[in-house]
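Report on the following structure.
Protein chains: 2
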Amino acid sequence: MSPARVTIPQSIDGSPPCNGLHMNGQDSLVQPLLTDFYQITMCYAYWKTGTHNEPAVFDVFFRKNPFHGEFTVFAGLEDCLRFVENFKFSQSDIEYVKKILPENAEPAFYEYLETLDGSHLTIEAVREGSVVFPKVPLITIYGPLAMCQLLETSFLNLVNYASLVATNAARFRQASGAKLSLLEFGLRRAQGPNGGLTASKYCYIGGFDGTSNVLAGKLFGIPDTAKTMDLFQASIEKRTWLLDQMAWGVVQSEVSDGELTAFVAYAIAFPDSFLALIDTYDVLRSGVVNFVATIMSLNEQKHEINAFGVGTHLVTCQKQPALGCVYKLVAQSAQPKIKLSQDVTKITIPGKKKCYRIFGKNGSAILDLMMLEEEPEPKPNEQILCRHPFEQNNQTAQCLLERRLRHFVRIIVVI
Amino acid sequence: MSPARVTIPQSIDGSPPCNGLHMNGQDSLVQPLLTDFYQITMCYAYWKTGTHNEPAVFDVFFRKNPFHGEFTVFAGLEDCLRFVENFKFSQSDIEYVKKILPENAEPAFYEYLETLDGSHLTIEAVREGSVVFPKVPLITIYGPLAMCQLLETSFLNLVNYASLVATNAARFRQASGAKLSLLEFGLRRAQGPNGGLTASKYCYIGGFDGTSNVLAGKLFGIPDTAKTMDLFQASIEKRTWLLDQMAWGVVQSEVSDGELTAFVAYAIAFPDSFLALIDTYDVLRSGVVNFVATIMSLNEQKHEINAFGVGTHLVTCQKQPALGCVYKLVAQSAQPKIKLSQDVTKITIPGKKKCYRIFGKNGSAILDLMMLEEEPEPKPNEQILCRHPFEQNNQTAQCLLERRLRHFVRIIVVI
């Protein structure tokens, strides 16, 4: 199979693609059977009714920003593309599907499954790492109905958590400002090994500077970072020698000797990258005192505090542990398709769409404009009438578009 | 390397080991570098001070049951053992470690790293799937100090989420009773591909009956299950034919025709395993009506409702997305080690311990008794004085032990 032709237009902010990440370590578990069984029964139903090759369009989007926030950072695209590039049922996959489908399923269906790959798909997507908003398609998949259907669960799995944790990281970055170094320390509490690796990768995309996860450093080129040793005090007993090396301005009886010893030992070993865990004994009565004492000594040598590590809350996204991305049919055989629901937020926006991010005269983004493919492009310095698709009190807005109108950046992948 | 000798004593309840799971699909990402960088610097510090081969004992335990609950289901052991069996730094791992350690690190350290494997470790553990409680060691690792240290992050990663989600599943099972079939449907919202697979596996251990995740079915032998199609209504347009096949007792104008059609189509295809998603249009005004109508027809054919699927809340453990297992040094060179803290819950219980689950005369468990290795075993029909290690109002309890005293079941692994 020839490699995917990927066109990556320049990003909105001109940054290099994907923060220089290279992805050579995708999980071997990302394979066609990493899906819900119902996708396979759907595929069978399409095949049985002869609709499996009808041209279809599916949108991936979410309905609400996570964490009661106002934005989402889109991530997971690279994993989706790699999955599609390598999509092929193995012989043992087919054998397994035979076991779980009803016995009376037609044998020709399995021959059909064997032929499937990503070669008839076209995928358009917002650029990885973009700031995105509800309802706007993040990924649009064009291709044969059944093949598109088989991607649903895997795409959602790959996009949902990646975008959630990248957004969480971006919020930490927003709160801390641009100057501090933020380090991801969540591996031990992450949701499984891949949960940990995914967190390291997408926290980096979301604005973190490094990770404690060595494998993430090796696979993705994310800077690794040392964490200090809350255990050192129990295992190094020759500490008096170390204490003699430096002069301390705190009363030793107030604070833990062992903790101080550990900090000092670590500071001597890594004076340029000193990091401390201050909650081993007592944060305020011991940890902070020892930490400040150590830092003061380091400052005399022209070092300064410039990094913080974040663990469990970052990687598990405690405040909201799942993003609700969905994957919906929006057109079939050139007919727009809509999902109706009494719950207005669950109604889908039908048809093949194109999206523009509209910038105001001062250069900041005003809104994302979604149009049907056949509608004329919006033009700078012309008035357009925009309509919010669902909110009553937000139905119209007149926008004077200026010369700086730019297309919402999209990646076009043809394989 | 010879395979691990694993002795699995009979379980407390006499059930077969590990629910018949076989684990032939461990994530290729579970390797020695899936760790925090600080473990490698600790290892270097031990090696540098010549303490790396001192015999050490580490306990894995947690401090508080999750979900404000009263129990935890221990899981993840099999993954830990497989990790230890295969533990070996590759040449490219060593090269990567050279890059991230300071340049002045001694070259002999890398030769030492190359020699490391699990052959000098002994691991004792509570049996996978056991109900366990705070402070009691779940896994105890005996071996050279530095080698034990290198397992910390990986063990915590493998145990924390597995135990959390198994416990969550057990709580769903407790709420639903023993008869219903419970199915895990969380793949699309799980925290990454492995998060999804881990959830499928450990929800099964926690008491679920199956999963929608096909790969989990293939790898672990967990029963796969079909989910119905909330999308079928948009893609099948020959529905009038289907409606004619059955007589319905509901007024069609009240409910969605499309939804009913989808349910019926699915029920005809899979009359023995019909499952419905009822929130596509409106749960009470459409979904339930159509569902009941379909079920009534199926009931006439002697089918009944006996299964429920649970997704996002189950796999992400929304109520508490991380379990706080820790990995602490409790003895070094035959000396007990304690971690002191102003926060009494953070103090570790020092020394090599043995644990017994004490059963009362009526056959139900009373408490888990932790003793130092050298203390005499408790005996049935003798009084013992038990002391709660931390809680003031729970310090003593006199227990008359009956003949049915049995050892807390442990797995002994020697590799």
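Going down the list, the sequences are from chains A and B. With the working numbering, the residue at position 225 of the first sequence is 225, and numbering never jumps. In the working numbering, each residue carries its 1-based index in the second sequence increased by 1000. The beta carbon of each residue, even a glycine, is placed where N, CA and C say it ideally should be.
Membership of F109(A) in the alpha helix (DSSP H) is indicated by the continuous run P107 to T115. Under the 9 Å criterion on CB atoms, A1075(B) is classed as non-interfacial with respect to chain A.
Across the set P1378(B), V1330(B) and S1273(B), the C-alpha of S1273(B) shows the shortest separation from the C-alpha of P102(A). By the 16-neighbour rule on beta-carbons within 10 angstroms, D1059(B) is buried. Short of 6 Å from the beta carbon of M1296(B), and not among the five residues preceding or following it, lies no beta carbon of its own chain. Per DSSP, V1126(B) is one residue of the beta strand (DSSP E) stretching across T1122 to V1126.
Distance from the CA atom of F1185(B) to the CA atom of A1170(B), rounded to whole angstroms, is 15 Å. By the Cβ test, the region 1119 to 1133 of chain B is in contact with the region 1071 to 1090 of chain B, since at least three Cβ pairs between them sit closer than 8 Å. If you check the CB distance, N160(A) and G363(A) do not come in under 9 Å. For L1151(B), no Cβ of chain A is located within less than 9 Å of the residue's own Cβ. Here T1211(B) is buried. Its C-beta has 16 or more other C-beta atoms within 10 Å. With a beta-carbon spacing of about 18 Å, R188(A) and L182(A) fall beyond the 8 Å limit used to define contacts. The continuous stretches of beta strand (DSSP E) do not include P193(A), which lies in the alpha helix (DSSP H) extending over residues G192 to I205. Taking the Cα of S176(A) as reference, the smallest distance to any Cα among D209(A), E152(A) and P376(A) is reached at D209(A). In this structure, V97(A) and L116(A) do not form a Cβ contact; the two beta carbons are roughly 12 Å apart against a cut-off of 8 Å. Here the C-alpha atom of S333(A) lies approximately 45 Å from the C-alpha atom of A1322(B).
For L1369(B), the three-state secondary structure derived from DSSP is strand. Chain A places a beta carbon closer than 9 Å to that of K1346(B), counting this residue as a contact. The beta carbon of Y142(A) lies closer than 6 Å to those of V57 and T122 in the same chain, with the five residues before and after it left out. Contact between the region 32 to 42 of chain A and the region 148 to 157 of chain A is established, with three or more Cβ pairs separated by less than 8 Å. Not a single CB atom of chain A sits nearer than 9 Å to the CB of V1084(B). Chain B places a beta carbon closer than 9 Å to that of T312(A), counting this residue as a contact.
Runs of the beta strand (DSSP E) spanning 3 or more residues and lying entirely within the region 22 to 87 of chain A occur at 55 to 61, in chain order.
Restricting attention to V1030(B), P1144(B), L1180(B) and E1070(B), the CA atom closest to the CA of N1306(B) is found in L1180(B). Every alpha helix (DSSP H) of 4 residues or more that sits fully in the region 1312 to 1388 of chain B is shown, in chain order, as 1312 to 1316. Look at G1143(B): its C-beta is not under 9 Å from any C-beta on chain A. In summary, the residues of the region 99 to 117 of chain A whose CB is separated from some CB of chain B by less than 8 Å are I100 and P102, in the order they occur in the chain.
Sequence-ordered contacts of the region 191 to 206 of chain A with chain B read Q191, G192, P193, N194, G195, G196, L197, T198 and A199 [C-beta pairs closer than 9 Å].
L1277(B) is not a Cβ neighbour of N1157(B), given a cutoff of 9 Å.
The continuous stretches of alpha helix (DSSP H) do not include Y281(A), and DSSP gives it neither H nor E. Within chain B, the residues placing a beta-carbon under 9 Å from that of R189(A) are L1156, N1157, N1160, Y1161, P1321, A1322, L1323, G1324 and C1325, ordered along the chain. When only Cα atoms are considered, C1355(B) and T1294(B) end up about 53 Å apart. For C317(A), at least one C-beta of chain B is nearer than 9 Å to its own C-beta. Identification of chain A residues near S1341(B) by a Cβ-Cβ cut-off of 8 Å yields T280, Y281 and D282, ordered along the chain. In this structure, the CA atom of V1132(B) is about 24 Å from the CA atom of Q1383(B). Beta-bridge partners assigned by DSSP to F1308(B): L1182(B).
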